[in-house]
Amino acid sequence: MNATAFLARFDNATIASPEARAAASVLREHGLPGMREEAWRATPLRGLYEADLDAPAAPVLPPVLAAFPAPRLVFADGRFAPALSAATDRMHVATGVAMLGLARPATDKLVALNTMLATDGATVEVAAGTDAGTLLLAHLATGATSHPRHAIRLGAGAKLTLVDYAGGQGAYFHNPVLEVALAPGATLTHLRIQDESEKSYHLATIYAEAAEGATYDSFLLARGAAIGRTEIHARLAGPRATAHLNAAQLLARSQHGDFTTVVRHDAPATISRQTVKTVLAGRAHGVFQGKIEVAPEGQKTDGYQMNQTLLLSPRAEISAKPQLEIYADDVKCSHGATVGELDAEQLFYLRSRGIPEAAARAILVRAFLAEALDPIAHEAARAWMETLIDPWWDNAR
Amino acid sequence: MSALLEITDLAADIDGKEILRGISLAVPKGEVHAIMGPNGSGKSTLSYVLAGREGYAVTGGTATLDGADLLAMEPEQRAAAGLFLAFQYPVELPGVGNANFLRTALNAQRRARGEAELDAGAFLRLARQELKRLAISDEMLKRNVNVGFSGGEKKRNEVLQMALLRPRLAILDETDSGLDIDALRIVAQGVNALRGPDFSALVITHYQRLLDHIVPDRVHVLAHGRIIRSGGPELAHELEASGYGEIVAKAAAA
Ligand SMILES: Nc1ncnc2c1ncn2[C@@H]1O[C@H](COP(=O)(O)OP(=O)(O)O)[C@@H](O)[C@H]1O
Ligand SMILES: [Mg+2]
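Protein chains in written order, with the numbering used here: chain Y, 131 to 527; chain A, 416 to 669.
Shown next as structure tokens:
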């Protein structure tokens, strides 16, 4: 089966809104992402197009979600699941499809697919000057395809930590789109945990726009999915807006994981920081594509990108593509990349202290991730992530 | 009764180059032996071969710890069996907290020996006690292992690990080099505190200075991958007075 046949699955889908109709015509004309497109060259989706997806079943709330100390919005196979959710009154929460106009379905094909098929999502609004604490947004998948559409809007000076979890069981396709609009001085800490089933496909697209002095502070931990991709478009629209796009990808066996970022410095004195760590075992394939664009208005931009890969197997592969496009003359932009293996001296030092080889390797993998993980101030979210990272090495082959 | 550490005709190559050329040495239970010798004589190689570092081909001989074949064990098994190597050049571990590292090591060894693990609180109490004894500030527990440590701090961190892990056989590879006299005394105290019927040590040093503080039962001189002389503590003084040149030349002529 190819992209066209895959798309034909949705021929009978209900197309409700004008946006959905427009998206459908984009897809009719241009189809789904293919190998010939620059942005998808390193991440072929043939596996998805040929996949035999399961029929959806009843979702179960993992105990870790129930125990997480925050109100939660749980979606199951793309639909809000009120019975699995727990309310909050610190922010305004609605469900249904809401669009903030930041997403670009005309050019981003998976976003077009989401726009055509989205039937539900979360809209979270935090009033100006409010610290809304933490919200857990979770998606549990069991089969078929899900296209949730979320919108997060923070008023001036508002604060929110959004812990964004994706997991599930079986073969499915999860294609979420999330739009984030930050008013002046607002801060969204967006902590994503991608722990999808290894038979699944996770292709997430995030658009964030930060006004003057606002901060979009994001971190992705990705260790699931057969093919996983997170694509973030962050636009620093007002002076001194900041974006942190950090990520840790842990991939084993024949997993494919892609982290793609586009940061646009569209205003003066804007700041972007990216620390991206990829750990690859088995025959896994990691991809990092990071683009920093500085508009002529982006004088005094401060952009930094560091991409580091740890190869634990000779058969693993990394594709890295940093890109700087700078149209302002007074900027400070730098990027760096390293690819390495575990250090034999460090491994021996640990083992000489009685630490078994597998544990020693796990310690060094964790140490490699430290720079990306340490800035996560949210204790419960970080502890959760640690429980996903700690046992990772045990079956990473 | 056989010695705790028994090395017989041990020979080892690095990249096909013969470095250890038939070393025989026995350290009985409760004894501290010193190995002295010029740079490049094979002292670190011997300590690494005993600890199980990769990259060495043992071409002959045996090494046993309390009768068990050391050379057949993985490095972590040797550690659990009671062997400890204080590295000449301790390794930096960015991203690994010192306290976590020490506790993981201690508990790994306890588990391997079928003993109960220490929880964070019990570990911290034990660690603080040893830190105090070694005049190391608590703050060193919070730092990453050896990262940004001065030469002396790195060596003290090795001695701290030894004090916590309580090996049956400690090999100290030039733990004295780069230390001032106060640090040297602290290191020596760390070793002397462990001395007893269940602790043996192989103290590798270039200088006699350390041996004023850790008085060895025996001194062995290693040159060109062989032990060319063994004697009592007075041998260290003789070497200090005459240098290695004479004794090495004499051995070569013999
Ligand atoms: N990794 C190595 N590769 C090649 N030669 C080595 C290596 N390590 C040590 N050697 C050589 O082995 C000999 C002994 O070195 P070493 O054991 O470090 O001596 P010592 O500790 O007594 O100064 C020296 O000639 C040194 O050059
Ligand atoms: Mg040496």
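Glycine residues also receive a C-beta, built at the ideal position from the N, C-alpha and C atoms.
At 8 Å on the CB atoms, spell out the chain A contacts of residue i, in chain order.
| i | result |
| --- | --- |
| R481(Y) | G467, E489, P490, E491, A494 |
| A152(Y) | The premise fails here: A152(Y) is roughly 48 Å from chain A at the closest Cβ pair, so nothing lies under 8 Å. |
| A489(Y) | T519, A523 |
I need the boundaries of the beta strand (DSSP E) containing residue i, first residue and last residue.
| i | result |
| --- | --- |
| A441(A) | 432-442 |
| M488(A) | Taken as a continuous stretch (DSSP letters only), M488(A) belongs to no beta strand (DSSP E), as it is neither H nor E. |
| Y471(A) | That residue, Y471(A), is in no beta strand (DSSP E); it is neither H nor E in DSSP. |
| L350(Y) | 345-352 |
| F536(Y) | The first residue shown for chain Y is 131 and the last is 527, placing residue 536(Y) beyond what the model contains. |
| K421(Y) | 415-424 |
| H160(Y) | Run containing H160(Y): none in the beta strand (DSSP E); it sits in the alpha helix (DSSP H), 148-160. |
| F564(A) | Segment: none, F564(A) is in no beta strand (DSSP E) and carries neither H nor E. |
| L290(Y) | 289-298 |
| N515(A) | Run containing N515(A): none in the beta strand (DSSP E); it sits in the alpha helix (DSSP H), 513-527. |
| D261(Y) | 261-271 |
| G433(Y) | 432-441 |
| R633(A) | 633-638 |
| Q453(Y) | 447-456 |
| Q404(Y) | 401-410 |
Quick one: which chain A residues come within Cβ less than 9 Å of residue i?
| i | result |
| --- | --- |
| P521(Y) | Residues of chain A passing the Cβ test: none, with the nearest at roughly 15 Å. |
What are the boundary residues of the alpha helix (DSSP H) that includes residue i?
| i | result |
| --- | --- |
| I450(A) | Counting along the chain, I450(A) falls outside any alpha helix (DSSP H), though it belongs to the beta strand (DSSP E) covering 447-451. |
| R641(A) | Careful: R641(A) lies outside any alpha helix (DSSP H), inside the beta strand (DSSP E) at 641-646. |
| P193(Y) | 193-197 |
| T245(Y) | 239-247 |
| I362(Y) | No alpha helix (DSSP H) contains I362(Y), which is instead part of the beta strand (DSSP E) from 357-366. |
| G658(A) | 649-668 |
| I538(Y) | Residue 538(Y) cannot be examined here, being either before or after the span of chain Y that is shown, 131 to 527. |
| G470(Y) | Premise fails: G470(Y) lies in the beta strand (DSSP E), 462-470, not in any alpha helix (DSSP H). |
| H628(A) | 624-628 |
| L419(A) | Premise fails: L419(A) is in no alpha helix (DSSP H) and is neither H nor E. |
| R322(Y) | Note, R322(Y): premise wrong, no alpha helix (DSSP H); beta strand (DSSP E) at 317-325. |
| I596(A) | 596-609 |
| Y331(Y) | Y331(Y) -> not in any alpha helix (DSSP H); beta strand (DSSP E) instead, spanning 331-340. |
Could you work out which residue in the options is closest to residue i when comparing CA atoms only?
| i | options | result |
| --- | --- | --- |
| T590(A) | G640(A), M451(A), E554(A) | M451(A) |
| G368(Y) | V241(Y), R483(Y), P212(Y), D396(Y) | D396(Y) |
| V392(Y) | I336(Y), A414(Y), A510(Y), G466(Y) | I336(Y) |
| A296(Y) | A311(Y), D207(Y), A248(Y) | D207(Y) |
| M246(Y) | I448(Y), I145(Y), R202(Y), A268(Y) | I145(Y) |
| L230(Y) | A334(Y), A135(Y), V254(Y), A213(Y) | V254(Y) |
| P426(Y) | P398(Y), N525(Y), T408(Y) | P398(Y) |
| R436(A) | V464(A), V511(A), R543(A), N559(A) | V464(A) |
| Q503(A) | N454(A), L556(A), I422(A) | N454(A) |
| F478(Y) | R493(A), A578(A), A608(A), E530(A) | R493(A) |
| A527(A) | A355(Y), W523(Y), I485(Y), L499(Y) | I485(Y) |
| I596(A) | L626(A), L584(A), P509(A) | L626(A) |
| A382(Y) | T372(Y), L321(Y), A489(Y), H415(Y) | H415(Y) |
| A185(Y) | D473(Y), E423(Y), G300(Y) | G300(Y) |
| G420(Y) | N142(Y), H465(Y), A271(Y) | H465(Y) |
| V227(Y) | M515(Y), W522(Y), F210(Y) | F210(Y) |
| P631(A) | L637(A), A638(A), P612(A), E649(A) | E649(A) |
| L333(Y) | E342(Y), V293(Y), T390(Y), A373(Y) | T390(Y) |
| R512(Y) | S348(Y), R176(Y), N244(Y), T249(Y) | S348(Y) |
| L375(Y) | G343(Y), G354(Y), A338(Y) | A338(Y) |
| G343(Y) | S402(Y), D504(Y), R483(Y), M515(Y) | S402(Y) |
Taking residue i as the query, report the chain Y residues whose CB atoms sit under 9 Å from its CB, ordered along the chain.
| i | result |
| --- | --- |
| V511(A) | Q476, L480, I493, L494, R496, A497, A500 |
So which residues on chain A does residue i lean against when the C-beta distance must stay under 7 Å?
| i | result |
| --- | --- |
| P486(Y) | E491, A523 |
Using a cut-off of 7 Å between C-beta atoms, extract the partners of residue i located in chain Y.
| i | result |
| --- | --- |
| A527(A) | G484 |
| V506(A) | E475, Q476, Y479 |
| L500(A) | S482 |
Shorter than 7 Å, the distance from the beta carbon of residue i to the closest heavy atom of ligand 4, or not?
| i | result |
| --- | --- |
| A271(Y) | Among the ligands present in this structure, namely ligand 1 and ligand 2, ligand 4 is not found. |
With distances taken from each beta carbon to the nearest heavy atom of ligand 1, which residues come in below 5 Å, in chain order? Every residue passing the under-5 Å Cβ criterion appears here: I429(A), I434(A), N454(A), G455(A), S456(A), G457(A), K458(A), S459(A), T460(A).
The stretch 459-478 of chain Y: which residues have C-beta closer than 7 Å to a C-beta of chain A, in chain order? Residues A474, E475, Q476, F478.
Give, in chain order, every residue of the stretch 572-594 of chain A whose Cβ lies closer than 8 Å to some Cβ of chain Y. Answer set for the stretch 572-594 of chain A: Q576, L580.
Could you name the residues of the stretch 539-569 of chain A whose beta carbon sits closer than 7 Å to any beta carbon of chain Y, in the order they occur along the chain? Taking 7 Å as the cut-off between beta carbons, none of the residues of the stretch 539-569 of chain A comes near chain Y.
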